[in-house]
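Undergrad: Position in the sequence shown counted from 1, then plus 106, gives you our numbering.
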Amino acid sequence: MAASELIDFRRAFLWLLCGMLLPSVALVAFGVVAVANERAAVERRLQNEYDARLGVLKDDLDARLQAAASSAARAVDSDHAEPASGPEGDFDRARPARRPEGNPDRWTARKPDDALVVSVTTPEARGDPALAEPARRAAALPRNSHLFVSSDSGGERKVYAVVHTASDRVVAAQLDLLAVAAEVLRLAAARFPRERAVFRMLAPVAPTPPLATLRRLLEEVAPPSGRATVVARKPLDPPLDGFTLAAELSGDDPAASLAFRNRTWYIALLVLLYAGIGIGFGLTIREMRRAYKLSRLKTDFVANISHELRTPLTSVRLFAETLRQGRVQGAEQQECLDQLASEAQRLSGMVEKLLDWSRLESGRKALKREPTDLRGLFDHVQEIFRAQQLGTTYQTELDPGLPAVAVDRDAMAQAVLNLLYNAVKYTGADKQIRLRGRRGGNGSVAIEVADNGVGIRPHERKRIFERFYRADDLLSRHTEGTGLGLAIAKRIVEAHGGRIEVESQEGKGSTFRIELPATA
């Protein structure tokens, strides 16, 4: 990768970074505003939801009050009448209605069979001034009509249904507020059987003692929860003006809990978003660095392999030109032929390494694994090493009783030979190279190649197995190589389920160790 290509890649990465960060910043800003308004939004949603339910419950209660007024009218118009023993003008709770003889404006009636009605009597008998005007208005209504009225006279809240009956009578039926509050609970249970909210009728909020007493009585009929929150209210129409229907949710504030849950989810998703962006950027930067390093290694490899190929090619061309022109005869001619063969073998070895790496990278190199004794593997390695005529030898050490290993003999021999060639290149004139076979940990078998060479610097020990990498020192620059020998050895060992590692001290040598699983 050229410098200009690297700059273009970095520029594209910066554009990508800006393109992802700007929308994410806008998303965060929107989320912050949404979280700030979350509680109000949840409260509005709950209020709208329960407003609709309270509206339905209010219609049911109105219908129930209408039914109670009609029940009072039917009780008054009963055909079964008899004298009353109660106060004049009052309806007896236990007996049917009757118009007394001699006074057509006074009668008594039995209590209607309705839990909401306390008693039925004439407005005059009630003695409540608030009933005078409603009574005149009810008399002007068609028969079987009624109107509702409330009164606070006498320090007590009273609710009446003033009825113009079918028998042309005007009566006032007093409604029981406590019974109405209990009826709200019954209607709510019938209408919303699986509702988690509690629907209650609340008294007017006023400091006067009578209303305070009424609120206490209503709470006894429908006791509130200890930690209830009113999420919606609906004012009632006359005669219950001032009263409200309320929807209560028990426990903690539902708006706060829902808002907290939504905030938690938002923050968690936001953290996941930025974690993903961060991981993505980190992986991108890492891949960019790896691509840059690989590009640099490939550039170095091209330079190295060009140099390595140029040397034997120059020798081949020189010796071929010498032989073609007949400049040498006899022993010198044979020496030129030997040099030609040696340089051709060098070229063949370099090309073979490149082909081996290409096959390993593409997965086209098939391994034929079979149980192999380490003694036979070492003999095979020694035969190939001698055939290379490298002008040096090595010592072989083998522990007795080692188990066989399941390997492809040719492939594993190539891995061991690459380690031996590496030891030969980086060891001085007094070469002390050893090939050892030992027992490894956890029942494995270890193959070690040790030398007394220059050693490997600590920061390079992890990189020497990378493809195309060569240590940046003077000795490396004066030794031939493609930077693929150790990489090929590592790939072969890992393909056999083993691992390769190195121990080294600068100036004292290195030891490469291959650990392979033993066959069962």
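For glycine and all other residues, C-beta sits at the position ideal for the given N, C-alpha and C.
Taking the beta strand (DSSP E) that residue 298 belongs to, which residues open and close that run?
TA: Element bounds for residue 298: n/a, residue is neither H nor E.
Undergrad: Does the Cβ of residue 571 have 16 or more other Cβ atoms within 10 Å, making it buried, or fewer, making it exposed?
TA: That one is buried.
Undergrad: Measure how close the beta-carbons of residue 631 and residue 244 come, nearest whole angstrom, since I'm counting them as under 8 Å.
TA: As displayed, the chain neither begins before 107 nor continues past 626, which places residue 631 out of reach and without an answer.
Undergrad: Cα separation between residue 158 and residue 372?
TA: Roughly 29 Å separates the two Cα atoms.
Undergrad: Would you identify the three-state DSSP class for residue 349, choosing helix, strand or coil?
TA: It is coil, neither helix nor strand.
Undergrad: Looking at residue 604: is its Cβ nearer than 8 Å to the Cβ of residue 620?
TA: Against a cut-off of 8 Å, the Cβ pair of residue 620 and residue 604 comes out as a contact.
Undergrad: Which whole-angstrom value is the C-beta distance of residue 308 and residue 349, which I expect to be below 8 Å?
TA: Indeed they touch by this definition, with Cβ atoms about 7 Å apart.
Undergrad: Answer yes if the segment 164-177 comes into contact with the segment 285-302, meaning at least three C-beta pairs across the two stretches below 8 Å, and no otherwise.
TA: Segments in contact, yes.
Undergrad: Could you give the C-beta distance for residue 618 and residue 554, rounded to a whole number, given that I count them as a contact under 8 Å?
TA: 7 Å between Cβ atoms; contact.
Undergrad: Count the other CB atoms, across all protein chains shown, that sit within 10 Å of the CB of residue 388; report buried if there are 16 or more and exposed otherwise.
TA: The residue in question, residue 388, is exposed, as its Cβ has fewer than 16 Cβ neighbours within 10 Å.
Undergrad: Could you check if residue 133 is buried or exposed, using at least 16 other CB atoms within 10 Å of its CB as the buried criterion?
TA: The residue in question, residue 133, is exposed, as its Cβ has fewer than 16 Cβ neighbours within 10 Å.
Undergrad: By Cβ distance, which residues of its chain are closer than 7 Å to residue 505, with the 5 residues on each side in sequence left out?
TA: Contacts found: 543, 544, 545.
Undergrad: List in chain order: all unbroken beta strand (DSSP E) runs of 3+ residues lying wholly within the segment 367-434.
TA: Within the segment 367-434, no complete beta strand (DSSP E) run reaches 3 residues.
Undergrad: How about residue 527 and residue 560: do their beta carbons lie closer than 8 Å?
TA: Not a contact, by the Cβ cut-off of 8 Å.
Undergrad: Can you list, in chain order, the residues of its chain with a C-beta nearer than 8 Å to that of residue 491? Leave out the 5 residues immediately preceding and following it.
TA: Cβ within range, chain order: 500, 523, 526.
Undergrad: How would you label residue 121, buried or exposed, when you count the other beta carbons within 10 angstroms and need 16 or more for buried?
TA: So residue 121 counts as exposed.
Undergrad: Apply the 10 Å Cβ neighbour rule to residue 385 and answer buried if 16 or more other Cβ atoms are within range, or exposed otherwise.
TA: Result: exposed.
Undergrad: So, at 8 Å on beta carbons, what are the nonlocal neighbours of residue 439 in its own chain, with the 5 sequence-adjacent residues on each side left out?
TA: The answer, listed in chain order, is 429.
Undergrad: Could you tell me which residues DSSP pairs with residue 307 in its beta bridges?
TA: Answer is 351, bridged to residue 307.
Undergrad: In terms of DSSP beta bridges, what is residue 266 paired with?
TA: In DSSP, residue 266 forms a bridge with 255, 280.
Undergrad: Could you tell me which residues DSSP puts in a beta bridge with residue 477?
TA: DSSP output for residue 477 lists 512 as bridge partner(s).
Undergrad: Look up residue 484 in the DSSP assignment and say whether it is helix, strand or coil.
TA: Residue 484 falls in the helix class under three-state DSSP.
Undergrad: Please list, in chain order, all residues of the same chain as residue 609 whose beta carbon is under 8 Å from its beta carbon, the five residues on each side excluded.
TA: Result list for residue 609: 616, 617, 619, in chain order.
Undergrad: Closest by CA to residue 498, which one among 259, 161, 557?
TA: Of the listed residues, the one whose Cα sits closest to residue 498 is 557.
Undergrad: For residue 564, count neighbouring Cβ atoms within 10 angstroms of its own Cβ and tell me buried if that reaches 16, exposed if not.
TA: Exposed, by the Cβ-count rule.
Undergrad: Buried or exposed, going by whether 16 or more other CB atoms sit within 10 Å of the CB of residue 136?
TA: Flag for residue 136 reads exposed.
Undergrad: Mind checking residue 474: buried by the 16 CB within 10 Å criterion, or exposed?
TA: Exposed, since its Cβ has fewer than 16 Cβ neighbours within 10 Å.
Undergrad: Closer than 6 Å by C-beta to residue 623: which residues in its own chain qualify, once you throw out the five before and the five after it? Chain order, please.
TA: Correct list, in chain order: 550, 603.
Undergrad: Report yes if the C-beta distance between residue 419 and residue 130 is below 8 Å; otherwise report no.
TA: No, the Cβ-Cβ distance between residue 419 and residue 130 is not below 8 Å.
Undergrad: Rounded to whole angstroms, what is the Cα-Cα separation between residue 582 and residue 614?
TA: Residue placement at residue 582 is flagged as unreliable, the pLDDT there being 48, under the threshold of 50; the coordinate-derived value follows with that caveat. Roughly 17 Å between the two C-alpha positions.
Undergrad: Can you tell me the Cα-Cα spacing of residue 181 and residue 175, whole angstroms?
TA: For residue 181 and residue 175, the distance between alpha carbons rounds to 10 Å.
Undergrad: Are the beta-carbon atoms of residue 170 and residue 301 separated by less than 8 Å?
TA: Not in contact: residue 170 and residue 301 (Cβ atoms no closer than 8 Å).
Undergrad: If you measure from the CB of residue 461, is any heavy atom of the ligand FAD nearer than 7 Å?
TA: Absent from the structure shown: the ligand FAD. Ligands present: none.
Undergrad: Please identify the residue among 179, 591, 156 whose C-alpha is closest to the C-alpha of residue 457.
TA: Per the Cα distances, 591.
Undergrad: Hey, out of 423, 442, 335, whose CA is closest to residue 149's CA?
TA: Checking every option, the nearest Cα to that of residue 149 belongs to 335.
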